[in-house]
Structures are given as structure tokens and as C-alpha cells.
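Presented below is the structure to which this report refers.
2 protein chains.
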Amino acid sequence: MKNMNVAIVGATGAVGVEILSCLETRNFPLASLKLLASKRSAGKQVAFRGQTLTVEELTPESFAGVDLALFSAGGDISRQFAPIAAAAGCVVVDNSSAFRQDPDVPLVVPEINPEAAFDHPRNIIANPNCTTIITLMALYPLHLQFGLKTVIASSYQAVSGSGQQGIAELEGQVRAIVDGHPVESKVYPKQIAFNLIPQIDNFADNGYTKEELKMLNEGRKIMSLPELNVTCTCVRVPVYRSHSISVVAQFYKPVDLELARKAFDGKPGIALMDDPATRTWPTPLDSTNGDTCYVGRMRRDLAVDNALNLWVVGDQVRKGAALNAVQIAELLASR
Amino acid sequence: MKNMNVAIVGATGAVGVEILSCLETRNFPLASLKLLASKRSAGKQVAFRGQTLTVEELTPESFAGVDLALFSAGGDISRQFAPIAAAAGCVVVDNSSAFRQDPDVPLVVPEINPEAAFDHPRNIIANPNCTTIITLMALYPLHLQFGLKTVIASSYQAVSGSGQQGIAELEGQVRAIVDGHPVESKVYPKQIAFNLIPQIDNFADNGYTKEELKMLNEGRKIMSLPELNVTCTCVRVPVYRSHSISVVAQFYKPVDLELARKAFDGKPGIALMDDPATRTWPTPLDSTNGDTCYVGRMRRDLAVDNALNLWVVGDQVRKGAALNAVQIAELLASR
Numbered sequence: 001m002k003n004m005n006v007a008i009v010g011a012t013g014a015v016g017v018e019i020l021s022c023l024e025t026r027n028f029p030l031a032s033l034k035l036l037a038s039k040r041s042a043g044k045q046v047a048f049r050g051q052t053l054t055v056e057e058l059t060p061e062s063f064a065g066v067d068l069a070l071f072s073a074g075g076d077i078s079r080q081f082a083p084i085a086a087a088a089g090c091v092v093v094d095n096s097s098a099f100r101q102d103p104d105v106p107l108v109v110p111e112i113n114p115e116a117a118f119d120h121p122r123n124i125i126a127n128p129n130c131t132t133i134i135t136l137m138a139l140y141p142l143h144l145q146f147g148l149k150t151v152i153a154s155s156y157q158a159v160s161g162s163g164q165q166g167i168a169e170l171e172g173q174v175r176a177i178v179d180g181h182p183v184e185s186k187v188y189p190k191q192i193a194f195n196l197i198p199q200i201d202n203f204a205d206n207g208y209t210k211e212e213l214k215m216l217n218e219g220r221k222i223m224s225l226p227e228l229n230v231t232c233t234c235v236r237v238p239v240y241r242s243h244s245i246s247v248v249a250q251f252y253k254p255v256d257l258e259l260a261r262k263a264f265d266g267k268p269g270i271a272l273m274d275d276p277a278t279r280t281w282p283t284p285l286d287s288t289n290g291d292t293c294y295v296g297r298m299r300r301d302l303a304v305d306n307a308l309n310l311w312v313v314g315d316q317v318r319k320g321a322a323l324n325a326v327q328i329a330e331l332l333a334s335r
Numbered sequence: 001m002k003n004m005n006v007a008i009v010g011a012t013g014a015v016g017v018e019i020l021s022c023l024e025t026r027n028f029p030l031a032s033l034k035l036l037a038s039k040r041s042a043g044k045q046v047a048f049r050g051q052t053l054t055v056e057e058l059t060p061e062s063f064a065g066v067d068l069a070l071f072s073a074g075g076d077i078s079r080q081f082a083p084i085a086a087a088a089g090c091v092v093v094d095n096s097s098a099f100r101q102d103p104d105v106p107l108v109v110p111e112i113n114p115e116a117a118f119d120h121p122r123n124i125i126a127n128p129n130c131t132t133i134i135t136l137m138a139l140y141p142l143h144l145q146f147g148l149k150t151v152i153a154s155s156y157q158a159v160s161g162s163g164q165q166g167i168a169e170l171e172g173q174v175r176a177i178v179d180g181h182p183v184e185s186k187v188y189p190k191q192i193a194f195n196l197i198p199q200i201d202n203f204a205d206n207g208y209t210k211e212e213l214k215m216l217n218e219g220r221k222i223m224s225l226p227e228l229n230v231t232c233t234c235v236r237v238p239v240y241r242s243h244s245i246s247v248v249a250q251f252y253k254p255v256d257l258e259l260a261r262k263a264f265d266g267k268p269g270i271a272l273m274d275d276p277a278t279r280t281w282p283t284p285l286d287s288t289n290g291d292t293c294y295v296g297r298m299r300r301d302l303a304v305d306n307a308l309n310l311w312v313v314g315d316q317v318r319k320g321a322a323l324n325a326v327q328i329a330e331l332l333a334s335r
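Each protein sequence line maps, in turn, to chains A and B. For the first sequence, full-length UniProt numbering gives the first residue as 1, with consecutive numbering after it. For the second sequence, full-length UniProt numbering gives the first residue as 1, with consecutive numbering after it.
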């Protein structure tokens, strides 16, 4: 394992802060670490491994001498700066959706397709959509066992998926309601406190949102299953952190519940939390601030042939974003 | 229409209060109204149509001279007192699940199977499960158009589905969190504030909860579709009122989106709130305290043949419980 010169782009955002935490706690092999953000955040000081790092303004010159850049500052910043970083010889792990469907950009979940990370002709590797990562962490072990055919999913997505501003909007609305003040909505088109928003990202022409189509397009690419059928409804819920997904997964082979449970034995990053007899199932709070995704409520589906019904939960700031990006970086550092 | 002597059993509960409100605002043809509840609530005074009514203790003698009793005090009270009321010549509309699968007890949604209300050999009519009513309000017009084959649903259920105590638990937990105090959970097995509980009611042997099986068993009975396939995952969400359901509905006939939209034209109690171009879709707050259920996000399903994807919202204390019961009473009063 070689020590790497790393930069974080968007270091002060919700995911950037978590990337920093993952690098620190996982003891990532660093030669140097550069924190990059907008001009507004430049000059901020951040503690890291007993040192104080100063956030620098992101410029086209930022990537000289940088081996690896972890981008998490939105699609516009990625589209502008990731090619500049890549041209400077830096490998980019990009958390935005900007490059995910580019055939020359691998889309990687290290537990599923680690080899893909090493084939990056554009020097860019894409980090998948949060809801897709968490759902696939549960589905991939079952796919290996039974052969995945169709995914029917409904999501329950936390406000941290919208970054710090989503968290602030829910906090502010809850406080206004408790204090009897009027509620203001800025981040979401309607009130999110004690309410649900059945639209995440913009609409495509077919009536699905782009968030919903990510599960289809990214799921096919990550698992190399071009024929996979996926339908999804994505809903924002008044939860601060951790996404949940209710999934009906149909397989080519007949399913067996005991085999399905065994499929998770020894698999990293995913665990069963599933025992109806003791009312055991995972909630968003159970996975919050943790690295593990959880599967509960697994049962044979009553309506769909060869199908399992399951409830999946994972911290989308960690495994759904920062942790997965750092795991990709670890793969690269390992060779 | 004849004036009826009516009793409300469980008059001080969340649904009982709403039944009273429906009787008042809908100008139900009353000869007399008796409010019945546990000994604890007896003596309470309630305003109704400019009069003051006093809550009486429920006893086996309560039903003398009563034509119609609306029960909403839980399954145990219904099992004990509904047969007593029925034997006294009173017709019972029961909001509990106690009699819903009894072949001699009709299960009625007035917009779907009104005729069934008049065939009640046990003098008991069952009011269906809240999530089932709201989902079927959306599915039945589509069934008439295309022939319903399979329902795949994930619910987002409000705490008022657990009565006043569910509302109090969410309020108390939110206030504790805002004030920085520890959170106590009494009604739900884990924290519901800013969290999700993927279990409603107890588990059956097949890994589904009883709440989830109601959608199957009650859906078949109400629509007279004994072959209907239904799978469902029911989840409690931190919303005060109005249930939401994400549904994939598969039909026997090919679906057409324009025909599907027209299926709701002129249908009472259900309306489209659905326009991606203007980001229009219903949220729980949109249906709260209203009589109408709403359908949004309707689109051709990408993964399932002949299927539509939709998002349904309705106030489960009103159409999901009190309003539906009062509508059944209105049917009976109309003959």
C-alpha cells in the first residue's frame, strides 16, 4: 500500500466532512491531504489526525501533485473541475451523477465490482447514487444466490440526502411548529416536517424522477446486468439521516428463505437484523453513523413468483456516499 | 331517508371524535345520539349541533332503542359488545378488524360495494382497514378500466393510525429532542420521531404483519376479487395524519395512461393531483382533515407488464375510518 496525496473537493459539505472522518478513522495511507471548497469556505480550519488543516479555494491549479481527488461538491463543480484534475494526472472519485453513465467511467461499489475501479481510461471513477448503493448492498448477495431479474422499490429517504441545507430545513420547520410559528419551505417545494415529499430530483419524460431512474441505470451498470428490470418510487421523509428501501426482488431461480439468510453470512458491509419473533428489524436510527447496511423483514413474497420482500436501511452519508468513495480510494491505494 | 337513533361506541377516541364531526358536518338524519365510552370517560361533556351531550359508560344495556351503533373502541370491545348490540336489534358498523373476515359480515367501501351493506345477516357491517380503504379508492376506478391482477404496495402510515396515544408519543418525542432531553418510547417499540418503524400490528407465520395481510384479505373481499394477488410492506412514519401508499398495480388488460387518468373523472372521494410539469403531487398534509383521497405520480411502470405506478394519499382518520363508517350509516339511512 502506497501513501497518497489526496484532495477533498467540497470538504466542508455534509459528505465532505464525512469523507474526512472516514479517512481519519480508517487510517487511510496519506502522504498529504488538501481540503478544497468554494471561496466562501476558504480559510476555515479543520482538525485532522492531531493537525490543523486550512481549507483552500478550489481553482484549476489545485491538483498539482495530487494523486487522488474525492469530489463531492455537486454536478456542476464535477463537470468543470474533474476533467482538469484528471488531465493533471490525478484520479478522481466523483460523488456526483455527472459521469456515472459515461461508458469510460467505472461506477463502483467495492463489495460488488471492485475490479472495475482499476479500469478508468478518463482517470475518473464514479461513486453511485446513495439509494442505489444501499439497495444493491442487500440485493447483490441474493443475486449471487438466485439470479436477480426484477427490482420493485419504494424509498424512504432522509433529508441529509439534500446536504446540510436539507437538515437545516427540517430542523427549522420542526422548531417553528413546536413554537407555533409559521413554517417556511425553501429547500423542498412543500413542508417536509411531519410530511412526505414524493419527488426527489427532476422529472424525466416518462413520469419517473431522475433519482428513480438512477436505481435502474446504475443498478444495471454496477452489477453488469443490462437486462435487469427496475421500478422505483423515491420519497423524502422527515428523518435526518439513513435511507430505507422497501424492496420486492424477483429472481430467475426459485427462492429459499434459509438460503437467502445464509447469503449474507460473512459478507462485509451488510448484515441481517431480522427476527419477527423478537420484533427485530432495522430502523434508520440503527444504521445512523455506522458503516453497515442492514436487511430486515425478509420473507417470501405473496404476489410475485420467485420473489423476496425486504426492508433495507443504510446511512446514506456514509455507505451511500463518503464511505463508499473512501473504499474506492483504498482499492486504488492497495495496488 | 328516516331519522335514526344512533350510538357511538368509543366516542372520545381519535376516530370517535371524527365520527361525531362527520355526523355534524354531513347533516346526518338523527333522531337521537348517544355517546358511549369506558367508565373513565363517562360524564365528559361534548358539544354537538348546539346541544351538550354527556358521555355515558358502555354497558350491555346501552343499546335499547338504538337503531345504529358506530363502534370504534378496539377489537376487544367490538367482540364483546357488538353481538350484544346486534341482538338488541341494532345494526353495528364496526371499525375494528374483529369481524372483517366473517363471511356473514359485509366489508364495505360505499364507493366500491355499497350493495353489500344491505346484506348483513349478523346485524354487523365491518369498516375496512384504513390503508386498504385509501389504496382501493385509487385502485378501484383503474380496476373497472383495466382489470386488477396484482398489487405491490409500500405504505407510509401516520401515527394517528395508533390513536391519540400515537400522536402524543410523536409530539412528546419531538419536544424532548428539541429540548435536548432523553426520548421515551411507550407506544412504539423504537423511537418514531425522525425515524421509521417497519412493523405495524403483530407478525403472522409467513413473515408478513397482520396489517400487511389486511390489504390482501380485505382487498379481495371488498372488490370481490378472490384471485387478486397482493403484497405489502407497512411502515409507520413520523407524520401526524394521513396515510400514503406507493403502489405498483398490474392489470389484465394493457394500460393506457390517458384512459387511466380519465378513470377518475367524476368519481366521488378520489381525485388526481398529478402534473409533473408543475411538480404537482399530493402529500399527507394536502389530504389532512379532508374527505378526498388523492392520486399522484401515476405513470406506466418500467419493470412490470401492464402496470401503473402510483402514489396515493388520504386522511386515514376520515376516509380511512370515521367518514367511511358514517357513509355506511348514510347508506342504511337511505332505505
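All C-beta atoms in this analysis are idealised placements derived from N, C-alpha and C, irrespective of residue type, glycine included.
Hey, residue i and residue j: beta-carbon distance below 9 Å or not?
| i | j | result |
| --- | --- | --- |
| B:Val247 | B:Leu139 | yes |
| B:Asn206 | B:Arg100 | no |
| A:Met298 | A:Asn309 | yes |
| A:Ile112 | A:Ile222 | yes |
| A:Val239 | A:Tyr294 | no |
| A:Asn195 | B:Leu285 | yes |
| B:Phe28 | B:Ala249 | no |
| B:Val178 | A:Val178 | yes |
| A:Lys214 | A:Pro128 | yes |
If the cut is a Cβ gap below 8 Å, which residues of chain B does residue i touch?
| i | result |
| --- | --- |
| A:Val178 | Val174, Arg175, Val178 |
| A:Val239 | Phe194, Asn195, Leu196, Pro238 |
| A:Tyr294 | Within 8 Å Cβ-Cβ: nothing; A:Tyr294 doesn't reach chain B, min ~11 Å. |
Using a Cβ cut-off of 8 Å, pull out every chain A residue sitting near residue i, in sequence order please.
| i | result |
| --- | --- |
| B:Ile152 | Ile152, Val248, Ala303, Val304 |
| B:Val230 | Leu302, Ala303 |
Whole angstroms are fine: how far does the CA of residue j sit from the CA of residue i?
| i | j | result |
| --- | --- | --- |
| A:Ser72 | A:Ala271 | 27 Å |
| A:Tyr252 | A:Leu228 | 11 Å |
| A:Ser162 | A:Asn289 | 17 Å |
| residue 340 of chain B | A:Gly75 | Chain B is shown from 1 up to 335; residue 340 of chain B falls before or after that span and cannot be answered. |
| B:Leu302 | A:Ile84 | 37 Å |
| B:Arg318 | B:Ala126 | 16 Å |
| A:Pro276 | B:Ile200 | 12 Å |
| B:Thr233 | B:Val313 | 16 Å |
| A:Phe203 | A:Thr209 | 4 Å |
| B:Val92 | B:Leu58 | 14 Å |
| B:Gly16 | B:Leu225 | 31 Å |
| B:Ala69 | B:Val6 | 6 Å |
| B:Ala37 | B:Val108 | 25 Å |
| A:Lys262 | A:Met137 | 15 Å |
| A:Ile124 | B:Glu18 | 58 Å |
| A:Ser96 | A:Ala325 | 11 Å |
| A:Ile245 | A:Gln316 | 12 Å |
| B:Leu331 | B:Thr54 | 27 Å |
| B:Pro254 | B:Ala322 | 36 Å |
| A:Leu23 | A:Gln173 | 33 Å |
| B:Ala98 | B:Arg79 | 6 Å |
Along chain B, in chain order, which residues have C-beta atoms closer than 7 Å to that of residue i?
| i | result |
| --- | --- |
| A:Arg299 | Asn206, Gly207, Tyr208 |
| A:Asn289 | Ordered by position in chain B, no residue passes the 7 Å Cβ test against A:Asn289, which lies about 14 Å from the chain. |
From what residue to what residue does the beta strand (DSSP E) around residue i run?
| i | result |
| --- | --- |
| A:Gln51 | 51-54 |
| A:Cys130 | Run containing A:Cys130: none in the beta strand (DSSP E); it sits in the alpha helix (DSSP H), 130-146. |
| A:Gln45 | 45-48 |
Would you please state the rounded distance, in angstroms, between the beta carbons of residue i and residue j? I believe it to be under 8 Å.
| i | j | result |
| --- | --- | --- |
| B:Tyr188 | B:Glu169 | 6 Å |
| A:Gly296 | A:Pro282 | 5 Å |
| B:Pro106 | B:Asp94 | With a Cβ gap of about 11 Å, B:Pro106 and B:Asp94 do not count as contacting. |
| B:Thr231 | B:Ile152 | 5 Å |
| B:Leu257 | B:Arg300 | 6 Å |
| B:Gly10 | B:Cys130 | Not confirmed; about 15 Å, so no contact. |
Going along chain B, which residues have a C-beta under 9 Å from residue i?
| i | result |
| --- | --- |
| A:Ser244 | Leu196, Pro198, Val235 |
| A:Asn217 | Chain B residues near A:Asn217: none, gap ~11 Å exceeds 9 Å. |
Would you mind telling me which residues of chain A sit closer than 7 Å to residue i, beta carbon to beta carbon, in chain order?
| i | result |
| --- | --- |
| B:Gln191 | Leu285 |
| B:Pro254 | Here the premise fails: no neighbours, minimum Cβ distance about 16 Å. |
| B:Pro276 | Phe203, Gly207 |
| B:Arg279 | Pro189, Gln199 |
Which stretch, first to last residue, makes up the alpha helix (DSSP H) that contains residue i?
| i | result |
| --- | --- |
| A:Asp179 | 164-179 |
| B:Gly219 | 210-223 |
| A:Gln80 | 75-87 |
| A:Ile200 | Premise fails: A:Ile200 is in no alpha helix (DSSP H) and is neither H nor E. |
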